[in-house]
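So the structure is just underneath, and the comments pick up after that.
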Amino acid sequence: MDIEQFRKAGYQAIDRICDYYYSLQERSVVSKVEPGYLRQHIPLEPPEKGEDFQAIADDYQKFILPGLTHWQHPSFFAYFPTACTFEGMLGDLYASSTCNPGFNWLASPACTELEAIVMDWAASFLGLSPAFTNASGIGGGVIQTTASDSVLATVVAARARYQREHPDVKLEDLVIYTTSQTHSLGSKAGLVFGVHVRAIDVDLDDQLSLRGEALRNALEEDARIGRHPFILIATVGSTSSGAVDSIPEIREVAKDYPSLWVHIDAAWAGSALSCPENRGVLHLEDFNAFADSVCTNFHKWGLVNFDCSALWVRNRKNLTEALDITPTYLRTKHGDAGTVIDYRNWHLSLGRRFRSLKLWFVLRGFGVEGFRTYIRRCIELNNLFAQQVKTSEHLQLVTKPSLALTVFRLIPRPVSPDQPKFSLGPLNELNRIFFGRLSARDDIMLTQTSLNGIFCVRLAVGAARTTEEHVQQAYDIVSKEAKVALESWEQTANTAGAIIVA
1 MDIEQFRKAG YQAIDRICDY YYSLQERSVV SKVEPGYLRQ HIPLEPPEKG EDFQAIADDY
61 QKFILPGLTH WQHPSFFAYF PTACTFEGML GDLYASSTCN PGFNWLASPA CTELEAIVMD
121 WAASFLGLSP AFTNASGIGG GVIQTTASDS VLATVVAARA RYQREHPDVK LEDLVIYTTS
181 QTHSLGSKAG LVFGVHVRAI DVDLDDQLSL RGEALRNALE EDARIGRHPF ILIATVGSTS
241 SGAVDSIPEI REVAKDYPSL WVHIDAAWAG SALSCPENRG VLHLEDFNAF ADSVCTNFHK
301 WGLVNFDCSA LWVRNRKNLT EALDITPTYL RTKHGDAGTV IDYRNWHLSL GRRFRSLKLW
361 FVLRGFGVEG FRTYIRRCIE LNNLFAQQVK TSEHLQLVTK PSLALTVFRL IPRPVSPDQP
421 KFSLGPLNEL NRIFFGRLSA RDDIMLTQTS LNGIFCVRLA VGAARTTEEH VQQAYDIVSK
481 EAKVALESWE QTANTAGAII VA
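Written out as structure tokens, the structure reads:
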């Protein structure tokens, strides 16, 4: 393909992308294909000779689009949003057009310098302490791929710091602390690094928040058996329920354990810090005061196309001393002089993408005001859905709504006031039937979860094109399927005499 052929194909690609977004609302949210469908359309061996690009582009339309779940659909309420804005698309396009691995400043100075600047922009409008900024010269921010990679980097740094301070401690005695509601990234870090992971139980009575007493009890218990917790992954906005750990209480406990690295995983909820009214609920002041690292994913609720996970550390040397491998061929005079950031030492891989370009495009295109407007609108729409659940005859909130996330379940209404309540097992079975009906639809997508044994359904608002009308439609669909599931369950289940288990 020469330059003019590229120009023509590029024009067509943009036209087709625009047509896709014009038609998005009319598409099914969930793909209708069956497993293995693509093998029926695409040869299992590559072509010997190059093909005309028009044929390739047409095959994308015919075979790939039908197999996509449309995360940007206004009726996509599953998982958490994956942002996809036009500003971010263009940022990705420009970054791809001049691709370079960006492993040190000299590889392309703009890649490093723009990242350092926009990470400081982001820290500022999220309200993070200046201690986390690159401008501080001590802390700093770096863009990782996902929150899982951010955790891997911080676990490496925390382990190295702990072993420097406690050189006699064996690797097998180290422990990563999570909670029973922490994202799977904590367990995965334990698998990767071969260290114990302890998940501290959290209670529904505490809104699934890690409390200081539970943390202290775990620390004291591990100390008695010779184990050494070296990092706590505290969550601000958990995946299952949007739970926020009690950061003020964790802060008090951490004062007695200065070697414990505290990482704040705010992968989803961190974007809500852009709105000052959310900062108290998310304990910003407290984790600003003592946390060692903070992560938020702009590719979730932050309008930036996947992938763009922002990680800030209070002391960058903890990362660079743990991860600095500099063979002769990577050395430069600027790096040796320490006058530049070499971001390869801030994460596990060597090469890296020019992700800061799309973050820069988005922040400039929306501005802080536009970013906040989007966050507030998502929260308002979720409150609309949650309020209807509260007044529903058969639906029940399992936890308090968290920002743009609602977790609920189906509860049968007793036939009479003196009828025994239903036990947890039958209720879970009812809700599996309920969710099965919801997940069988292709015009909406929600996800399931389990909170301390309670089977629940999640609805997360975040698609940029979701409106009040779409949320109302979602509630109408949920109500309709709840009624059908309840009727089916009542016909087949004998629930007389059962007692509910909270």
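Sequential numbering of the sequence shown, starting at 1, is according to the UniProt record's numbering. Note that the Cβ used here is the ideal one computed from N, Cα and C, for glycine as well.
Next on the checklist: Give me the residue from Gly-367, Asn-452, Val-281 and Gln-40 with the minimum Cα distance to Ile-64.
Outcome noted: Gln-40
Next on the checklist: Using a Cβ distance threshold of 8 Å, determine whether the stretch 214–221 contacts the stretch 157–166, with at least three qualifying pairs required.
Outcome noted: For the pair of segments examined, the stretch 214–221 was found not to touch the stretch 157–166: the number of CB pairs separated by less than 8 Å stays below three.
Checklist entry - Between the Cα of Phe-86 and the Cα atoms of Ala-337, Ala-158, Arg-251 and Tyr-21, which residue gives the shortest distance? => result Tyr-21
Checklist entry - Using the beta-carbon count (16 or more within 10 Å), is Val-484 buried or exposed? => result exposed
Checklist entry - Glu-26: which of Asp-52, Phe-366, Thr-449 and His-470 sits nearest, CA to CA? => result His-470
Checklist entry - Can you name the residues that DSSP bridges to Phe-455? => result Ser-450
Item to check | Option in Pro-47, Leu-403, Ile-454 and Gly-462 with minimal Cα separation from Val-244 | outcome: Leu-403
Checklist entry - Under 8 Å between the Cβ atoms of His-263 and Ile-231? => result yes
Item to check | Presumed contact (8 Å Cβ cut-off) between residue 504 and Val-151, rounded CB distance | outcome: Within the shown structure, residues of the chain are numbered from 1 to 502, placing residue 504 beyond reach of any answer.
Item to check | Cβ distance (whole Å) where Asn-104 is taken to contact Gly-335 below 8 Å | outcome: Indeed they touch by this definition, with Cβ atoms about 6 Å apart.
Next on the checklist: Quick check: what's the CA-CA separation for Val-407 versus Glu-380?
Outcome noted: 16 Å
Checklist entry - Is Val-304 near Val-362, with beta carbons less than 8 Å apart? => result yes
Checklist entry - Nearest-angstrom Cα distance between Val-368 and Leu-273? => result 11 Å
Checklist entry - So who's on the other strand from Tyr-177, going by DSSP bridges? => result Arg-198 and Leu-232
Item to check | Per DSSP, cross-strand counterpart(s) of Met-119 | outcome: Answer is none; Met-119 lacks a bridge partner.
Next on the checklist: Whole angstroms are fine: how far does the CA of Glu-45 sit from the CA of Tyr-37?
Outcome noted: 16 Å
Checklist entry - Between Thr-239 and Leu-210, which are expected to be in contact by the criterion C-beta below 8 Å, what is the C-beta distance as a whole number of angstroms? => result In fact, because the Cβ distance is near 15 Å, the residues do not count as touching under 8 Å.
Checklist entry - Helix, strand or coil: how does DSSP classify Leu-397 here? => result strand
Next on the checklist: Considering just the uninterrupted stretch of the alpha helix (DSSP H) at Leu-152, what are its terminal residues?
Outcome noted: 147–165
Item to check | Through-space distance from Leu-68 to Cys-84, alpha-carbon basis | outcome: 14 Å
Next on the checklist: In the DSSP output, what is Asn-297 paired with across the bridge?
Outcome noted: Ser-309
Checklist entry - Grouping DSSP H, G and I as helix and E and B as strand, with all else coil, what is Gln-207? => result Three-state DSSP puts Gln-207 in coil, outside helix and strand.
Checklist entry - Residues bridged to Trp-261 by DSSP? => result Ile-231
Checklist entry - Which residues share a DSSP beta bridge with Met-445? => result Phe-76
Item to check | Expected contact under 8 Å - CB spacing of Gly-88 and Lys-358 to nearest Å | outcome: Right, the Cβ-Cβ distance comes to about 4 Å (below 8 Å), so this counts as a contact.
Item to check | Rounded separation between Ala-107 and Thr-98 - CA only | outcome: 12 Å
Checklist entry - Among Leu-330, Glu-490, Ala-386 and Arg-413, which has the Cα closest to the Cα of Lys-400? => result Ala-386
Checklist entry - Which same chain residues, not among the five before or five after Pro-258, have their C-beta less than 8 Å away from its C-beta? => result Cβ neighbours of Pro-258 within its own chain (closer than 8 Å, five residues either side excluded): none.
Item to check | Host alpha helix (DSSP H) of Gly-212 (start-end) | outcome: 212–224 is the extent of the alpha helix (DSSP H) around Gly-212.
Item to check | Under the three-state DSSP convention, the category Gly-141 falls into | outcome: strand
Next on the checklist: Please classify Tyr-60 as buried or exposed, where buried requires at least 16 other C-beta atoms within 10 Å of its C-beta.
Outcome noted: exposed
Next on the checklist: Please return the same chain residues whose Cβ sits closer than 7 Å to the Cβ of Phe-290, not counting the five positions on each side in sequence.
Outcome noted: Arg-251, Ala-254 and Val-262
Next on the checklist: DSSP has Val-244 in a bridge; who is on the other side?
Outcome noted: Per DSSP, Val-236.
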